[in-house]
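Q: Can you keep this structure in mind? I'll have questions shortly.
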């Protein structure tokens, strides 16, 4: 199996959204920044194991990463992830306050919005490193939830650390009446696409 543990990513998430023509570009660059920060800081080895992947470091959400348990053994792969919610061309990340969470949720109710998760792979290759990635989109339709119910949801505290102010895997599942795309992408890790991309990298002997 793969050895891993959780470790913080120090990448500052302060990219200027106005410099990106598409939300996918913004989320992709943030994911890339997380992966490269972890890769460089942990000094991943510049050689590949003979028998494939042995250890993985994975940057999930906004500030965490997975790494091998054995600190003396470098990881062979870093995977960076970032998720955003987009409606009316506005990028919604973590609300930061209950008031902002309520504003976000009111903008989503009764409408369809998009959730983008960007995945970045960084791994040692031919004496250097390679960066590859993809962006997955899922469309989510909210029911027309009342102000009272939205306020009660905000009062639970669940929205504060979630992109767009809600967690599909939590209480917000009561609000979502339809999705088009991968459920796990909304949660923050598009597992099917991730597996397919990793399989391609292994079959091509990239990792």
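In this note's numbering, the protein residues as written are 106 to 312. C-beta: ideal position from N, C-alpha, C; glycine also.
In this structure, how does DSSP classify residue 222 when only helix, strand and coil are distinguished?
A: DSSP places residue 222 in strand when its eight states are reduced to three.
Q: So, at 6 Å on beta carbons, what are the nonlocal neighbours of residue 116 in its own chain, with the 5 sequence-adjacent residues on each side left out?
A: Cβ within range, chain order: 138, 139 and 142.
Q: Mind checking which residues open and close the beta strand (DSSP E) that includes residue 282?
A: Start and end: 281-285.
Q: Does the stretch 238-247 come into contact with the stretch 282-290, if we say contact requires no fewer than three beta-carbon pairs (one atom in each stretch) closer than 8 Å?
A: In short, these stretches touch, since the Cβ pair count reaches three.
Q: Alpha carbon to alpha carbon, how far is residue 172 from residue 269?
A: Any reading at residue 172 must be qualified, since the residue scores a pLDDT of 43, below 50, and its modelled position is unreliable; the value itself is stated next. About 28 Å.
Q: What first and last residue would you give for the alpha helix (DSSP H) that runs through residue 256?
A: Its alpha helix (DSSP H) spans residues 252-260.
Q: Excluding sequence positions up to five away, which residues of its chain have a Cβ less than 8 Å from the Cβ of residue 242?
A: Contacts found: 129, 219, 220, 221, 286 and 290.
Q: Is it buried or exposed, residue 252, if we count other Cβ atoms within 10 angstroms and call 16 or more buried?
A: Label assigned to residue 252: exposed.
Q: Within 8 Å, do at least three Cβ pairs link the stretch 200-210 to the stretch 254-274?
A: With a cut-off of 8 Å, the stretch 200-210 and the stretch 254-274 count as touching, because enough Cβ pairs lie within range.
Q: Taking all protein chains shown into account, decide if residue 260 is buried (16 or more other Cβ within 10 angstroms of its Cβ) or exposed.
A: Residue 260 is exposed by the Cβ-count criterion.
Q: Output the distance between the C-alpha atoms of residue 237 and residue 227, rounded to the nearest integer angstrom.
A: Rounded to whole angstroms, residue 237 to residue 227 spans 7 Å at the Cα level.
Q: Do residue 132 and residue 223 come within 8 Å of each other at the CB atom, strictly closer than that value?
A: Contact: yes.
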